[in-house]
Amino acid sequence: MKLISAATILALLSLTEAEKTRNLKSKSSKSSKSWSYPKTKSCKDKSSTSATSEADTEYASLKAGSLIDTGDNICAGSKVELPNIPCMVQEIIDEIEMKNVNPNLTVNPNFALGTPEQAGGNVTLGYIGSLDVDSTPILRPYSEEGMCPVNVHWHAGTEHLSQGEYDYDGKGPGVLVEMDDEYRKLAMDGKEIRQGLRCHHYDETDIKFTKEYDWKYCVDMHVGETYEVHWPHSNMGDCGTSNQYQYPFYDGVFCNFNNPKQTDPEKNFQGDLSKAKIGVQAQIFTIVNDEDYYYPNLIDGMIVGGEYGKEMTKYTGSTTGDSRSNEICSQYTGITWQVDRKCHLISASSFDKMCQDMLSQKDDMSSDVYAHGAREIVADHLTADNQYHRKV
Ligand SMILES: *[C@@H]1O[C@H](CO)[C@@H](O)[C@H](O)[C@H]1NC(C)=O
Ligand SMILES: *[C@@H]1O[C@H](CO)[C@@H](O)[C@H](O)[C@H]1NC(C)=O
Numbered sequence: 001m002k003l004i005s006a007a008t009i010l011a012l013l014s015l016t017e018a019e020k021t022r023n024l025k026s027k028s029s030k031s032s033k034s035w036s037y038p039k040t041k042s043c044k045d046k047s048s049t050s051a052t053s054e055a056d057t058e059y060a061s062l063k064a065g066s067l068i069d070t071g072d073n074i075c076a077g078s079k080v081e082l083p084n085i086p087c088m089v090q091e092i093i094d095e096i097e098m099k100n101v102n103p104n105l106t107v108n109p110n111f112a113l114g115t116p117e118q119a120g121g122n123v124t125l126g127y128i129g130s131l132d133v134d135s136t137p138i139l140r141p142y143s144e145e146g147m148c149p150v151n152v153h154w155h156a157g158t159e160h161l162s163q164g165e166y167d168y169d170g171k172g173p174g175v176l177v178e179m180d181d182e183y184r185k186l187a188m189d190g191k192e193i194r195q196g197l198r199c200h201h202y203d204e205t206d207i208k209f210t211k212e213y214d215w216k217y218c219v220d221m222h223v224g225e226t227y228e229v230h231w232p233h234s235n236m237g238d239c240g241t242s243n244q245y246q247y248p249f250y251d252g253v254f255c256n257f258n259n260p261k262q263t264d265p266e267k268n269f270q271g272d273l274s275k276a277k278i279g280v281q282a283q284i285f286t287i288v289n290d291e292d293y294y295y296p297n298l299i300d301g302m303i304v305g306g307e308y309g310k311e312m313t314k315y316t317g318s319t320t321g322d323s324r325s326n327e328i329c330s331q332y333t334g335i336t337w338q339v340d341r342k343c344h345l346i347s348a349s350s351f352d353k354m355c356q357d358m359l360s361q362k363d364d365m366s367s368d369v370y371a372h373g374a375r376e377i378v379a380d381h382l383t384a385d386n387q388y389h390r391k392v
């Protein structure tokens, strides 16, 4: 057994790019493509600026006219800061395994939660990642575990892969353009975000996939496109109060972790992470302009019933987003993911209602009414081997 020293860790972190690439065997970047939208049709050109100012106006009036409690947001600033780090190399895995043999060892501070697995991975029925972990996912619905949704946000394209549902053969109205190294699309403010995978439902001859919706609250969203919606849940959220929903979601996840403003001792974890439960629900949708697919309560969590929430994969992973990859990892790990393997249709109005509800929260969630960039699909060697393929 070999104890890893601080000097070794520093040495690991200063590996050259070439060494990292060799060690990490990244499976990323299947192809070099990006998406853009035709300038001709779509409401984007004619209404993008007006949609924004309209949304801003609506938002201002919502805030001004609202009767919601505008008192102190006790969750603000609760985020525990864990910067991204180079993905693990074998020495870091070894050290975490040694910790399991001898709990007195200090776990590599580079994986602050003591476990390295990443998300989002392949969730196809039968898939098992190749990273040997001790973590087990939360199998029951989060609502039965004292956890509540503390945020909702979504990614442009999917961060998970479900073969035949959302995968490398998916389609949508965005036009493919070759770019340097990854799938990318232009967000409305000119900032590039990475687009993930798409579903197979899109049909360019069917008007419900092609007629743009008159968006009032969500920003830079497109009918026909695929989005992966995430509802982070935590038992440290300020559940059932006007502070429940937070931006950034980390403020909600860690709200009562160690909060001097939390006066209820029953709620305050006093910095003890051992009883913490953190999980994310993920559901994948292609947006249609068709009111038959209207669901009014998307802010509350994933849709369950009928085909919705029926075919689930549960595993442990990390936080996601396009600042992470198969080279740069998240340290927010050991988090349960409950992912719907099916891609569902949903009306644009369902999303717009969700954005309206988000903008009426006490905390300012206006930065989450846009699609966020998607992380590349996590490589097998960074994906946990604890997938459960059962119903919620
Ligand atoms: C860990 O530390 C405790 C307290 O110092 C000690 O009693 C125990 O034997 C140690 N365990 C191992 C595996 O070294
Ligand atoms: C995802 O997992 C399934 C089941 O193990 C497998 O057949 C498929 O090839 C995997 N897809 C990718 C892109 O790795």
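Just so we're aligned: 363 in the UniProt record's numbering is position 363 of the sequence shown, and the numbers increase by one with no gaps anywhere. Just so you know, even glycine gets a beta-carbon here, dropped at the ideal spot from N, CA and C.
Quick check on the burial criterion: 16 or more other C-beta atoms within 10 angstroms. Buried or exposed for residue i?
| i | result |
| --- | --- |
| residue 167 | buried |
| residue 352 | buried |
| residue 208 | buried |
| residue 382 | buried |
| residue 393 | Because the chain spans 1 through 392 in this model, residue 393 falls outside it and cannot be assessed. |
| residue 95 | buried |
| residue 301 | buried |
| residue 102 | exposed |
Given residue i, which residues of its chain have a CB within under 6 Å of its CB, disregarding the five upstream and five downstream residues?
| i | result |
| --- | --- |
| residue 350 | 294, 295, 298 |
| residue 261 | 74 |
| residue 256 | 236, 262, 267, 268, 269 |
| residue 130 | 380, 381 |
Beta-carbon within less than 7 Å of residue i's beta-carbon, same chain only, minus the 5 sequence neighbours each way: which residues are those?
| i | result |
| --- | --- |
| residue 73 | 243, 362, 363 |
| residue 356 | 217 |
Starting from residue i, trace the alpha helix (DSSP H) both ways and give me its first and last residue.
| i | result |
| --- | --- |
| residue 356 | 348–359 |
| residue 252 | 249–253 |
| residue 136 | Segment: none, residue 136 is in no alpha helix (DSSP H) and carries neither H nor E. |
Have a look at residue i and residue j and give me their C-alpha separation to the nearest angstrom.
| i | j | result |
| --- | --- | --- |
| residue 139 | residue 245 | 23 Å |
| residue 345 | residue 313 | 19 Å |
| residue 197 | residue 158 | 5 Å |
| residue 206 | residue 169 | 19 Å |
| residue 45 | residue 220 | Note that residue 45 has pLDDT 32, beneath the 50 cutoff, so the model's placement of it is unreliable and the number below is only indicative. Roughly 11 Å between the two C-alpha positions. |
| residue 81 | residue 265 | 24 Å |
| residue 141 | residue 380 | 26 Å |
| residue 224 | residue 268 | 44 Å |
| residue 215 | residue 358 | 15 Å |
| residue 234 | residue 274 | 13 Å |
| residue 327 | residue 291 | 42 Å |
| residue 250 | residue 200 | 32 Å |
| residue 305 | residue 97 | 40 Å |
| residue 99 | residue 203 | 52 Å |
| residue 147 | residue 231 | 11 Å |
| residue 195 | residue 239 | 32 Å |
| residue 322 | residue 192 | 10 Å |
For residue i, report the span of its beta strand (DSSP E) as first-last.
| i | result |
| --- | --- |
| residue 229 | 226–234 |
| residue 377 | Residue 377 -> no beta strand (DSSP E), and no H or E assigned at all. |
| residue 287 | 278–288 |
| residue 210 | Looking at the DSSP string, residue 210 is not in any beta strand (DSSP E); the run it does join, the alpha helix (DSSP H), is 207–210. |
Consider the C-beta atom of residue i and the heavy atoms of ligand 4; say whether any pair is separated by less than 7 Å.
| i | result |
| --- | --- |
| residue 315 | The model depicted lacks ligand 4 and carries ligand 1 and ligand 2 instead. |
Cutting at 8 Å between CB atoms, please list the residues of its own chain near residue i, excluding the five before and the five after it.
| i | result |
| --- | --- |
| residue 136 | 316, 386 |
| residue 329 | 84, 85, 86, 87, 88, 116, 118, 318, 382 |
| residue 165 | 199, 200, 284, 341, 342, 343 |
Using 8 Å as the cut-off, can you tell me whether the stretch 272–289 makes contact with the stretch 329–346, which would need three or more C-beta pairs spanning the two stretches below that distance?
The stretch 329–346 and the stretch 272–289 touch, with three or more beta-carbon pairs separated by less than 8 Å.
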